[in-house]
Each structure stands twice: as C-alpha cells, then as structure tokens.
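Those sequence lines, one after another, are chains A and B. When you read off a place in the first sequence, starting at 1, and then add 9, the result is the number in the working numbering. When you read off a place in the second sequence, starting at 1, and then add 50, the result is the number in the working numbering.
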Amino acid sequence: MHMKYNLGTILVFFMFPGSFVFSQGSLTEINNPASFKQKFSEATRKTQTIEADFIQEKNLSILSEKIITKGRFMFKKEKKLRWEYTEPFHYLIILNNGTMFIQDEEKKSKIDIRSNKMFAEINSIIMGCVQGNLFNDEKKFLSSFFENSRSFMVKLKPLASNLKEYLSEIRIFFDKDDLKVTRLEMHEPSGDYTNIDFFGEKINTNLTDEKFLVP
Amino acid sequence: MRSFLFHKSLLIFFFWIMLSPWIMGQQKGYVPGQGTFSNAIFDSSFEKALYKGSLDISKHHLSGLFYLKRISLNSIRILFSNELGMNFFDFELKGDEFIVHSCFPSLERASLLKLLEKDFRLLLIPDTTVTKMKRGRSKDPELVIFGVKSKRGSFHYTYDKDSGKIRRIQTSRSIMGRTDLRVYGDERLQPTKIHISNPTIRLHIRMTFLSN
Numbered sequence: 010m011h012m013k014y015n016l017g018t019i020l021v022f023f024m025f026p027g028s029f030v031f032s033q034g035s036l037t038e039i040n041n042p043a044s045f046k047q048k049f050s051e052a053t054r055k056t057q058t059i060e061a062d063f064i065q066e067k068n069l070s071i072l073s074e075k076i077i078t079k080g081r082f083m084f085k086k087e088k089k090l091r092w093e094y095t096e097p098f099h100y101l102i103i104l105n106n107g108t109m110f111i112q113d114e115e116k117k118s119k120i121d122i123r124s125n126k127m128f129a130e131i132n133s134i135i136m137g138c139v140q141g142n143l144f145n146d147e148k149k150f151l152s153s154f155f156e157n158s159r160s161f162m163v164k165l166k167p168l169a170s171n172l173k174e175y176l177s178e179i180r181i182f183f184d185k186d187d188l189k190v191t192r193l194e195m196h197e198p199s200g201d202y203t204n205i206d207f208f209g210e211k212i213n214t215n216l217t218d219e220k221f222l223v224p
Numbered sequence: 051m052r053s054f055l056f057h058k059s060l061l062i063f064f065f066w067i068m069l070s071p072w073i074m075g076q077q078k079g080y081v082p083g084q085g086t087f088s089n090a091i092f093d094s095s096f097e098k099a100l101y102k103g104s105l106d107i108s109k110h111h112l113s114g115l116f117y118l119k120r121i122s123l124n125s126i127r128i129l130f131s132n133e134l135g136m137n138f139f140d141f142e143l144k145g146d147e148f149i150v151h152s153c154f155p156s157l158e159r160a161s162l163l164k165l166l167e168k169d170f171r172l173l174l175i176p177d178t179t180v181t182k183m184k185r186g187r188s189k190d191p192e193l194v195i196f197g198v199k200s201k202r203g204s205f206h207y208t209y210d211k212d213s214g215k216i217r218r219i220q221t222s223r224s225i226m227g228r229t230d231l232r233v234y235g236d237e238r239l240q241p242t243k244i245h246i247s248n249p250t251i252r253l254h255i256r257m258t259f260l261s262n
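Below, the structure written as structure tokens:
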C-alpha cells in the first residue's frame with residue numbers, strides 16, 4: 010500500500026514513460042472501429058498462448074490510497090487461464106474448460122462453471138478481458154473505441170442491471186503495434202477503480218497443460 | 051467487649067479475603083480501559099492496516115482484502131474487496147453512526163448490516179460506556195476474564211494476563227445470537243489474526259495482517 014504520489018511513483022514515471030498510456034497524448038474516439046476490430050481479430054487468431062506479469066492497483070477514491078498486488082497470468086487457447094497473485098499474498102485461480110479452481114492460502118475449491126450462472130458470467134468476462142475481445146459481446150456491453158499515438162482503448166459499459174451494480178465501466182488498453190493488452194481498468198459505481206498493468210508479455214510460448222491442471 | 055471486637059475484626063478480615071480479588075483488581079488497574087488491561091484492540095494510535103481475509107455466511111464464501119483506515123479520531127473506514135479489486139462493502143464507523151458507502155447487493159440486508167456494524171464496532175471502537183464489571187474465573191492462569199455490562203450489551207472480555215491485551219470478546223446475550231471475537235498476535239498496533247464468528251447465522255470473518 011502506498012501513498013498516491015510517492016517518490017517511487019514519480020521516479021518510475023520518468024524512467025518508464027512508455028508504460029503510462031496517458032503520457033502518449035489524449036485519446037480521441039474512433040468513429041469507424043471496423044479496421045481496429047479486423048486487425049484485432051487477426052491478431053487473436055494467431056495467438057495460441059499468452060503469459061505476462063501484472064501489477065494491480067486498487068485506487069480508493071475517497072481514502073486517497075492504493076492497494077498494490079502483483080502476480081502472473083497465463084492463457085492458452087481455447088479456454089485455459091491461470092491467474093496467480095504472488096504478492097503480498099498467494100491466491101490462485103485456474104479456469105479450464107468449464108471448471109474454476111481457487112486456492113486461497115490453504116483453502117481449495119472447485120466450481121463447475123456450467124452449473125453456476127454467476128460464475129459462467131465471471132468466466133466469460135475474465136476470458137474476454139484477457140483476450141481483449143469483450144467488446145464482441147454486444148448484448149452485455151456498449152462499446153466505444155479510442156486511440157492515441159501509442160494505444161487503442163476500448164471502453165465497455167455494462168448493459169445488464171446486475172453487472173451495472175458493481176461495474177460502471179471497463180477500459181481495455183492495447184499496444185498499437187502488436188495489439189497486446191497492456192492495461193485493464195475496472196471502474197466501480199462508488200468511484201473506486203482497479204488498474205491492472207501487464208508487462209513482460211510473451212506470446213505463443215510452449216505453455217504446458219500442466220500449468221492449467223485442476224488438482 | 052474484647053470478644054466482640056475480636057469477632058468483628060475476624061468478620062472484616064473474612065470479608066476482605068472474600069473481596070480481595072475484586073479490590074486488588076481495582077487497585078492494580080484490572081479495569082478495562084483504565085489501567086493494565088486496555089479496552090481497545092486497535093488503540094487511538096492506529097492509522098491503517100491491510101488484511102487478507104474472508105467472509106463466510108451460510109454456504110457463501112467471499113475472499114479478498116480488508117482495508118481498515120482511521121479517518122479521524124472518531125471515525126474508521128472498513129473496506130472489503132475481492133482479490134481482483136471489486137468492492138464487497140465499504141463501511142464507516144463514525145461516532146455512533148454507521149455509514150454504508152457501498153455494499154454488494156446480495157449483502158445489503160438490514161439484519162446482516164446491523165450485525166456487521168456490531169461486530170466491527172466491537173473490534174475497532176473501544177467501549178467507553180461500561181456501567182458494570184465483574185472479574186470472573188479463568189481456567190487458564192495466563193488469562194484474566196471480566197464480565198462487562200455497557201450500553202452496547204453484556205460481554206465477556208478475556209485478557210492476556212502479562213500483556214493486558216484483549217484476546218477474546220464474547221457477547222453474553224443477544225437476539226442476533228452470540229458473537230465470538232478472537233484476536234491473535236503480539237503486534238503493537240494491530241493483531242496479526244482476527245476471527246469473528248456468529249454461529250447462529252453461520253457468519254465467520256477471518257483476517258490475517260499483511261501490511262500497514
């Protein structure tokens with residue numbers, strides 16, 4: 010947990026300006042996103058696996074504080090995901106073809122996503138965020154598209170009333186060169202929001218199925 | 051006359067022996083909040099703490115992070131979010147007020163909110179409304195027990211004899227059932243582990259300290 014603008018943040022800002030999307034100029038709306046959608050669709054088709062580290066910051070609007078957690082995620086087509094928090098605690102989620110496994114410290118639980126509507130929805134949102142194709146789900150989200158010199162950004166507003174109650178907006182940022190997801194923002198109706206920045210991304214590596222095994 | 055004085059002295063001595071644990075207790079400061087034994091789990095110097103934790107209610111299990119922060123002398127904010135950062139609830143204890151800044155719809159039930167308020171008040175806000183106290187007997191020589199009555203209700207406070215720290219608070223009588231709050235660890239500012247349970251409605255809150 011850190012104060013919002015400590016010395017470390019300022020130093021990182023000047024050392025790695027590329028990691029701050031907003032430093033690349035303001036985002037303007039794309040009126041015709043068909044070109045972006047097509048490019049993205051091609052890039053997704055070629056992607057078999059993704060692995061990356063992430064830093065998650067939960068911003069507490071009223072308390073002027075951030076809660077920072079770190080971890081690593083792995084994705085393998087079609088529906089395999091390993092989402093693991095390593096700091097400051099250990100927490101593991103594995104999604105594998107309809108089964109969700111959660112290990113919270115010593116507690117382990119397994120859920121059949123197909124038999125649980127809520128978990129099925131969570132599964133589709135997580136998968137959609139990681140692959141970046143959540144905007145294709147027009148029944149659940151109203152999408153708008155933005156760009157600046159370095160990034161594309163898709164803004165998704167939930168349409169379903171149950172989703173609206175805890176998510177006001179999702180923003181997914183893509184690198185303009187390779188269309189990798191670089192940042193995910195989840196905004197809540199309270200004004201709090203969570204940023205997840207991805208880095209050290211590797212595409213199409215030899216990720217074995219063992220990483221996604223549900224014990 | 052001598053015999054009368056002797057018997058009177060004996061009687062006074064007898065009563066003194068009978069009452070000595072209470073009297074000595076008062077003299078040695080065995081009064082929560084007024085001496086060796088504090089009535090605060092989180093004292094006034096507490097500023098903020100992050101806990102990994104879970105909330106189990108009936109068959110439902112929610113896990114995530116508890117963030118506790120003092121906003122002012124009489125106000126503490128309690129935020130519980132899942133690991134991905136979405137808020138389950140954001141409460142504030144401000145004097146006698148309980149403010150719900152946000153709450154996950156399925157948790158937003160008046161009876162549950164009332165119970166959570168009571169439990170968090172017990173954990174975070176020292177009771178300054180004690181009207182009656184009685185020292186009880188503890189089977190464990192390392193612990194000291196007090197029966198406490200206050201405007202909040204009737205409780206049993208269990209203290210670590212050496213450190214004077216609260217180890218357990220149990221509500222004695224309540225329509226909502228009995229709350230059992232246990233704290234562990236010897237950290238100066240905050241406990242390392244907290245377990246609040248209310249068996250009547252199968253509510254369990256478990257918290258493990260991560261950082262300030």
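Quick reminder that beta carbons are idealized off the backbone N, C-alpha and C, glycines included.
Assigned with DSSP and collapsed to three states, residue 212 of chain B falls in coil, not helix or strand. The C-alpha of residue 40 of chain A is placed about 41 Å away from the C-alpha of residue 120 of chain A. Excluding the 5 residues flanking it on each side, residue 102 of chain B has same chain C-beta neighbours closer than 7 Å at 115, 258 and 260, in chain order.
Around residue 126 of chain B, the same chain offers 120, 143 and 174 as residues with beta carbons nearer than 6 Å, after the five sequence neighbours per side are excluded. Using a Cβ-Cβ cut-off of 8 Å, residue 75 of chain A does not count as an interface residue toward chain B, since no Cβ of chain B sits closer than that to its own.
Cβ neighbours of residue 209 of chain A within its own chain (closer than 8 Å, five residues either side excluded): 61 and 62. The three-state reading of DSSP puts residue 127 of chain B in strand, counting E and B together.
For the segment 121-191 of chain A, the full-length alpha helix (DSSP H) segments reaching 4 residues or more read 126-140 and 170-173 along the chain.
The C-alpha of residue 66 of chain A lies about 20 Å from the C-alpha of residue 160 of chain A. In the structure shown, the three-state DSSP call for residue 88 of chain A is coil. Proximity of residue 98 of chain A to chain B, defined by a Cβ-Cβ separation below 8 Å, is satisfied. Put simply, the backbone Cα of residue 233 of chain B is about 10 Å away from that of residue 208 of chain B.
Considering only A:56, A:204, A:193 and A:151, the residue with the shortest C-alpha distance to residue 86 of chain A is A:56. Contacts with chain A at 8 Å (Cβ-Cβ) include residue 151 of chain B. Taking a cut-off of 8 Å for Cβ pairs, the segment 166-178 of chain A and the segment 141-156 of chain A touch, as three or more such pairs fall below it. The beta strand (DSSP E) runs lying completely inside the segment 39-109 of chain A and spanning 3 residues or more are 58-69, 74-85, 89-96 and 100-105, given in chain order. Using a C-beta cut-off of 8 Å, the segment 144-153 of chain B makes no contact with the segment 193-206 of chain B, since fewer than three inter-stretch Cβ pairs fall below that distance. Between residue 128 of chain B and residue 241 of chain B a beta carbon distance of about 15 Å is seen, past the 8 Å cut, so the two are scored as non-contacting. For residue 180 of chain B, the closest alpha carbon among the candidates B:203, B:161 and B:160 is that of B:203.
A distance below 8 Å separates the beta carbons of residue 88 of chain A and residue 104 of chain A. The criterion of a C-beta distance shorter than 8 Å is not satisfied by residue 188 of chain A and residue 136 of chain A. Closest by C-alpha distance to residue 190 of chain A, out of A:98, A:113, A:76 and A:180, is A:180. In the three-state reduction of the DSSP assignment, residue 175 of chain B falls in the coil class, being assigned neither a helical nor a strand state.
The beta-carbon distance between residue 84 of chain A and residue 58 of chain A, rounded to whole angstroms, is 6 Å. This is short enough to meet the 8 Å contact definition. Of all residues in the segment 135-162 of chain B, the ones placed with a Cβ closer than 8 Å to any Cβ belonging to chain A are 135, 136, 137, 140, 151, 152, 154 and 155, in chain order. For residue 99 of chain B, the secondary structure class from DSSP, reduced to helix, strand or coil, is strand.
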